[in-house]
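Here is the structure we will look at.
Residue numbers (our numbering): 78 to 232.
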């Protein structure tokens, strides 16, 4: 794990359309707005912020985080409800994982109520729009700090 905290913030399919796609559900802020919010919330930690519409690429980034990240925030989008492969990749991590959603999946369609990601996440932040990311970033970095303290190192 790196000496300076490195936080990976990974985003799944269709999040590149934030601000345009269903703004009544997801809001008018863009993914770039969310990136800026995450970087501010991370304070001095380095943020690796990525988005993809491709499941395999998202999994590759999770694998990369195994070696390079102190913690991971993931908005799996639709893959959270469908991807056992993403679950399996996340299970290989020894760093804290926080699941993040703009909307509240539990208040939406029934198929969104089940998350394959939640069982491996330390926690889930959802329903607060872009503020969900700020809360998730702060939680992930706090968990990373605690993780390092247990390992005998401080952040």
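For glycine and all other residues, C-beta sits at the position ideal for the given N, C-alpha and C.
CA-CA distance, residue 107 and residue 92? Put simply, the backbone Cα of residue 107 is about 9 angstroms away from that of residue 92.
Span of the alpha helix (DSSP H) holding residue 167? 161–167 is the extent of the alpha helix (DSSP H) around residue 167.
What separation, rounded to the nearest whole angstrom, lies between the Cα atoms of residue 90 and residue 180? A direct Cα-Cα distance of roughly 15 angstroms separates residue 90 from residue 180.
Any idea which residues DSSP pairs residue 91 with across the strands? According to DSSP, residue pairing for residue 91 in a beta bridge does not occur.
For residue 215, which residues in the same chain have their Cβ closer than 8 angstroms to its Cβ, ignoring the five residues on either side in sequence? Same-chain partners within the cutoff: 118.
Is DSSP giving residue 106 helix, strand or coil here? Of the three classes helix, strand and coil, the one that applies to residue 106 here is coil, per DSSP.
Expected contact under 8 angstroms - CB spacing of residue 149 and residue 193 to nearest Å: Their Cβ separation, rounded to whole angstroms, is 15 angstroms, which puts residue 149 and residue 193 out of contact at 8 angstroms.
Are the stretch 157–175 and the stretch 115–129 touching by the rule of at least three beta carbon pairs closer than 8 angstroms? The stretch 157–175, when compared against the stretch 115–129, does not touch it at the 8 angstroms Cβ threshold.
Taking the alpha carbon of residue 196 as the point to measure from, which residue in 175, 204, 207 has its own alpha carbon closest? When only C-alpha atoms are compared, the closest one is 175.
With a threshold of 8 angstroms, are at least 3 pairs of Cβ atoms found where one atom belongs to the stretch 97–111 and the other to the stretch 134–143? Judged by Cβ distances under 8 angstroms, the stretch 97–111 makes no contact with the stretch 134–143, as fewer than three pairs qualify.
Where does residue 191 fall in DSSP's three states? Coil, per DSSP.
Quick test of your reading: residue 86 and residue 207, contact by CB under 8 angstroms. State the CB separation rounded to the nearest angstrom. Contact between residue 86 and residue 207 does not hold, since their C-beta atoms are separated by about 12 angstroms, which reaches or exceeds 8 angstroms.
Determine the closest residue to residue 154 out of 121, 109, 144, 191, with distance taken between C-alpha atoms. Sorting 121, 109, 144, 191 by C-alpha distance to the C-alpha of residue 154 places 191 at the top.
Selected residue, minimal CA-CA separation from residue 140, among 224, 168, 210: In terms of Cα proximity to residue 140, the closest of 224, 168, 210 is 168.
Can you grab the Cα-Cα spacing for the pair residue 116 / residue 203, in whole Å? The C-alpha of residue 116 lies about 19 angstroms from the C-alpha of residue 203.
For residue 150, three-class secondary structure by DSSP: When DSSP states are grouped into helix, strand and coil, residue 150 belongs to the strand group.
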